[in-house]
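Peer 1:
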Amino acid sequence: MNKFIKEQIDKLKPSATLAINEESNRLKKSGKKIYKFGFGQSPFPIPESIVSALKTNANKHTYLPMQGLEELRSAIANYLNKNNNNNFNKEDILVGPGTKELMFLLQIVFQGEVLLSAPSWVSYLPQALIAKNKVHWIQTTSDTNWFPTAEQLENKIKSIKNKNLLLFINSPNNPSGTVCKNLQEIAAVAKKKRISSTFRRNIFAINF
Ligand SMILES: Cc1ncc(COP(=O)(O)O)c(C=O)c1O
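At position 73 of the sequence shown the residue is numbered 69 (my numbering), and the sequence of numbers has no breaks.
#1: Any heavy atom of ligand 1 within a distance shorter than 6 Å of the CB on K210?
#2: Going by beta-carbon coordinates alone, are T13 and G27 separated by less than 7 Å?
#3: What is the DSSP secondary structure of N166, counted as helix, strand or coil?
#4: CA-CA distance, L162 and Y31?
#5: Can you determine whether any heavy atom of ligand 3 sits closer than 6 Å to the C-beta of H132, and answer yes or no?
#6: What does the alpha-carbon distance come out to for the pair A201 and K(-1)?
#7: Looking only at its chain, what residues have a beta carbon closer than 7 Å to the beta carbon of D88, apart from the 5 residues adjacent to it on each side?
#8: If you draw a straight line from the C-alpha of K206 to the C-alpha of P43, how long is it?
#9: Is N170 near ligand 1, with its Cβ less than 6 Å from a heavy atom?
#10: Taking S20 as part of the alpha helix (DSSP H), name the residues at either end of that continuous run.
#11: Express the C-alpha separation of H132 and G173 in angstroms, rounding to a whole number.
#12: Going by beta carbon distance, what residues of the same chain come within less than 6 Å of I153, once the five residues before and after it are set aside?
#13: Unbroken beta strand (DSSP E) runs of length 3 or more, entirely within the segment 69 to 137: which are they?
#14: Would you kindly work out how many angstroms separate the C-alpha atoms of S155 and L149, rounded to a whole number?
#15: Within the same chain, show all residues whose beta-carbon is closer than 8 Å to that of E109, passing over the 5 residues directly before and after it, in chain order.
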């Protein structure tokens, strides 16, 4: 134990994704043919229009509003409203340097317990452990497309005393790669039970 480090952080295990990456590099070096599924880094180049917009704006250095650039938040709200029949305005949008950090902050501020499906993305559990949030697991299988069913979710919620629950799911799913086909049923249970939910599809989180 390191007395300068908080116990819940000192106890964390190294990232499984990095361990898989190191192991597959080791096997590759030893001459084995390896198909890597461990590291989800995009193989695609950054689009030229984004590179040039970044260059054009590189000299802008003033602090932004806490919730993020106003024009960007308006554009995100418009995009979400146009494509998903929502009714967001810019005050509902928070821009951050990546969903990992935003979900971490959410776990820190959230007062309640966390629902995770097993297997699930490797960062959800350590984030919960750091934030000292109790975790409840819902076991999934290939029969349920590696997503919790609405029934499983409802039964799990019934078995938990704490009324404040936060559910994390993502699609296409990390680690299984499957696409969620029962989000409406899951959302209906979440709405009925008034749980918070984050559904990651690149950069957005929905709060029911
Ligand atoms: C399910 C899931 N959520 C979040 C992240 C991290 O995303 P970001 O780069 O936006 O922080 C990843 C990265 O692999 C992921 O697989």
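Each residue gets a CB set at the ideal place from its N, CA and C atoms; glycine is no exception.
Peer 2: Taking the structure as given:
#1: Because the chain in this structure spans residues -3 to 204, residue 210 falls outside the shown range and cannot be described.
#2: No, the pair does not count as a contact, with Cβ atoms beyond the cut-off.
#3: strand
#4: If you take the alpha carbons of L162 and Y31, they lie about 34 Å apart.
#5: Absence of ligand 3 from the depicted structure is noted, with ligand 1 being the only ligands included.
#6: The pLDDT assigned to A201 is 37, lower than 50, so where the model puts this residue is not dependable; a value taken from the coordinates is nonetheless given after this. Roughly 36 Å between the two C-alpha positions.
#7: So the list reads A73, once near-sequence residues are dropped.
#8: Given that the chain is displayed from residue -3 to residue 204, the structure contains no residue 206 and the question cannot be resolved.
#9: yes
#10: Counting along the chain, the alpha helix (DSSP H) containing S20 begins and ends at 12 to 25.
#11: Cα to Cα, the separation comes out at about 22 Å.
#12: K189
#13: Those beta strand (DSSP E) runs which fall completely within the segment 69 to 137 and span 3+ residues are 109 to 114, 131 to 135.
#14: 10 Å
#15: N129, K130, V131, H132, I156, N158, N160, L161, L162
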